[in-house]
Structures are given as structure tokens and as C-alpha cells.
Ligand code: NAP
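In our numbering, the protein residues as written are 313 to 672.
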């Protein structure tokens with residue numbers, strides 16, 4: 313595999329910093345360009361993140377002296393230096409939508425962590441183990457944009473990265489008809505740490521703007537299908553969600569209830585989870601977990617603190633599967649929100665796109 317040259321748009325942010333760590337010594341991708349707001353542009357990366365490096369692992373030393381570019385003004389220059397870019401910026405949605413299209417039109421493919429394009433009908437929103445075939449819509453998107461190489465592909469929201477994988481292997485055979493998810497979401501999902509979010513200590517905040525809508529709607533696109541030049545959303549299962557912010561640094565937990573058209577036995581569900589693997593595992597993508605879904609038999613697992621880093625934070629942890637009185641079953645699931653749920657999921661998507669030749 314050749315090494316692809318990569319840029320990170322929003323490199324100084326929480327997700328951008330994760331990209332920096334994940335791509336440091338990546339076997340296929342090499343960071344050649346970092347970009348952020350005009351506040352950071354012109355500074356070295358070390359200067360730009362001084363006092364705002366948010367991760368436990370230190371900044372990779374080989375990035376320290378790269379001069380940060382201006383994400384909005386230097387598009388042509390950035391596009392000429394890279395094979396593709398990751399994008400995770402904190403801007404208004406319509407600005408992000410326009411920015412990502414400008415990169416795509418400059419023939420720079422964008423793998424995005426932002427929500428702006430998640431419902432653009434010809435932009436694939438991909439969890440690589442679940443709907444890898446959706447990347448085939450890129451041909452239609454390139455036609456609309458008038459590009460040869462440029463396109464946008466996005467990953468879904470972090471809140472659903474535990475329960476959508478859990479329900480996915482049960483969908484076809486047992487037909488999930490409805491699901492209820494209560495999420496308990498970590499503060500890094502808001503780009504915060506305990507130092508910058510002291511009001512979360514000894515507290516639970518029952519509101520995360522826009523999160524419940526994303527948690528209910530985005531799975532429908534992931535379970536949708538390509539029809540002509542767009543992805544048509546699935547109409548089932550019906551999902552309802554409540555999303556709470558809890559005093560956890562990393563790791564989103566979900567308490568899930570679900571019902572089926574053909575109710576499986578508990579053993580059949582456990583078997584489906586154990587055997588579930590996808591294209592990333594078949595292709596041996598560098599960031600793919602060997603076992604995507606891990607079931608814990610212990611009653612007090614999964615726990616954010618103990619289990620979020622399973623398989624490099626790319627696996628999903630499950631536990632407490634049991635019958636329910638209102639729904640058929642209930643269970644608990646967990647995924648690392650800035651790894652599988654953000655930068656790691658973005659890197660895995662980029663690896664899928666690279667393996668399928670979309671950056672050539
Ligand atoms: P963040 O820590 O606030 O970082 C924001 C980044 O955007 C910084 O690099 C910042 O540059 C840059 N930026 C801000 N204004 C800009 C402008 N006008 N032009 C160009 N760049 C600009 O945010 P984050 O938590 O990393 O989130 C970034 C994106 O990822 C958001 O869309 C978020 O919804 C999404 N996301 C986050 C998570 C998560 O777990 N945190 C999960 C999934 C998706 P400066 O440093 O120069 O200001």
C-alpha cells in the first residue's frame with residue numbers, strides 16, 4: 313500500500329488532536345498539512361496548541377514545527393499538497409457545508425466528522441462494518457459536484473456508535489421493529505475536560521443540543537440503501553432516544569430496549585454479536601478491531617472507565633442482555649466517543665476508502 317499524504321482541517325481541536333495521535337506512525341497515512349482558524353494560522357502547531365492540548369498522550373513531536381494553515385483561505389494550497397483531508401471544525405453548519413464542498417471541488421476528498429453533510433442525499437454516512445457499500449454513491453456525488461477526485465464522506469454521530477452496531481447483526485434475520493436508547497455521554501463529546509467543565513462534577517445534565525434528533529434519525533440513513541443518485545433512508549426500526557451528559561471523561565454508554573418481528577432467543581442474540589464482522593475485518597484494515605462486538609458476562613460491565621479502550625477504543629462493549637417487560641430485550645452498550653465515535657471512526661472510514669481506491 314502506498315502512503316497517502318493527509319491534511320487535518322481543525323487540527324488544533326479536540327477531534328483534530330485525536331487525528332494527530334492516531335495518524336502518527338499510521339502505516340498508510342502521513343500527515344503533511346495541518347489547518348485551523350485564522351487564530352492559529354501562521355503559528356507552529358506547537359504554539360497553536362499551547363495550553364489547549366486536551367489529550368493524555370502528548371502531541372507527536374514530529375508535528376511540532378509544522379506551520380498551521382488557514383482552513384478557509386488556503387484551500388487550493390492545501391489541496392495541492394495532500395491526497396485527502398480529515399475535517400473536524402467548530403463552525404456554523406452552513407459554513408461547514410460550504411467549506412467541505414469547496415475542498416471537494418478543489419479535488420481534495422474530505423473525510424468529515426462534522427454533522428453538516430450527514431443528510432446530503434449523495435454523501436455517504438458510513439460505519440464501515442455496517443454500510444460499507446454506501447461509498448458507491450460517491451460516483452453520483454462527483455457527477456453533481458463536477459469533480460474527478462473530490463468528494464465528501466462522513467461518519468455518523470458518536471451517540472449511536474454503540475447501539476447501532478449492536479442492533480445491526482439482528483436487523484435482517486429477526487427484524488428489529490423498535491428501539492429505545494438512553495445515552496450517558498462523556499464530556500469529551502462536548503470538546504470539554506473536567507478542568508473546562510467544572511459544573512459537570514457531581515452532576516447530570518439532561519440536555520445535549522440536537523443529540524436526540526441525531527440519535528434517532530442518523531441510524532435510518534445508515535440502514536438505508538442506494539437508489540439512483542441518492543441514499544434513501546430506512547423507515548424501520550422506529551428509534552426514540554434521550555441523551556444525558558454525565559461526569560465521565562471519555563466513553564458514551566447507552567441503555568437500550570428493543571423489540572423484534574421474530575423474537576430471537578438470548579443465545580441467538582449472543583451468537584449474532586459474537587459472529588458479527590464486516591468488510592474492515594475481511595480487508596484487515598489497520599484500525600479495524602479484530603472482534604467488533606465484545607459481550608461481557610459480568611453483571612457490572614461494560615464500564616466506561618474499564619472498557620472504553622478495548623481494541624484501541626475501536627470495539628463496542630456490550631452487557632446485561634436480558635428479557636424486558638415492555639420490550640422484548642434490554643441491554644447496555646458502550647463505545648469510546650472520540651475514538652470509534654469520532655477520529656478513530658473517521659480513520660477507519662478513510663482506510664476503507666483507500667483500500668477501495670477512492671483516493672487514487
Ligand atoms: P473543538 O475542540 O472546538 O475544535 C474546533 C476546531 O475548529 C479547532 O481546530 C478550531 O481552530 C477550528 N475552527 C474554529 N473556527 C474555525 C474557523 N472559523 N475556520 C476554521 N477553523 C475553525 O471542536 P471538536 O470537539 O474537535 O469538534 C470538531 C467537530 O467534530 C465538530 O463539528 C463536532 O460536532 C464534531 N465531533 C466532535 C466529537 C467529539 O467527541 N468531540 C465527536 C464527533 C463529532 P482554532 O483552534 O484555531 O480555533
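A virtual CB, placed ideally from N, CA and C, is assigned to each residue, including glycine.
A straight line joining the alpha-carbon of residue 341 with that of residue 637 spans about 49 Å. DSSP lists 424, 437 as the bridge partner or partners of residue 466.
Around the beta-carbon of residue 451, fewer than 16 other beta-carbon atoms lie within 10 Å, marking it exposed.
Annotated three-state conformation of residue 586 is helix, per DSSP. The beta carbon of residue 387 sits closer than 7 Å to those of 414, 415, 418, all from its chain and outside the five residues before and after it, given in chain order. Distance between residue 609 and residue 432, taken at the CA atoms: about 40 Å.
Between the region 571 to 590 and the region 551 to 563 there are fewer than three inter-stretch CB-CB distances shorter than 8 Å, so the stretches are not counted as touching. Residue 407 sits exposed, since fewer than 16 C-beta atoms from the chains shown fall within 10 Å of its C-beta.
By the neighbour-count criterion, in which 16 or more other beta carbons inside 10 Å mark a residue as buried, residue 516 falls on the exposed side.
Rounded to the nearest angstrom, the gap between the Cα atoms of residue 601 and residue 315 is 21 Å.
For residue 351, the CB falls within less than 6 Å of some heavy atom of the ligand NAP. Pairwise C-beta distances place the region 369 to 389 out of contact with the region 423 to 438, as fewer than three of them are shorter than 8 Å. Taking C-beta separations shorter than 8 Å and ignoring five residues to either side along the sequence, the partners of residue 420 in its chain run 319, 387, 390, 391, 394, 396, 397, 461, 462, following chain order.
Note that the region 659 to 671 does not touch the region 470 to 479; fewer than 3 beta-carbon pairs, one per stretch, sit closer than 8 Å. For a cut-off of 8 Å, the C-beta gap from residue 605 to residue 438 is around 18 Å, too long to register as a contact.
In terms of Cβ geometry, residue 362 and residue 380 do not form a close pair [threshold 7 Å]. Beta-bridge annotation (DSSP): residue 381 is paired with 347. With a threshold of 16 other beta carbon atoms within 10 Å, residue 537 falls short and is exposed. Boundaries of the alpha helix (DSSP H) harbouring residue 393: 387 to 393, taken from the DSSP string.
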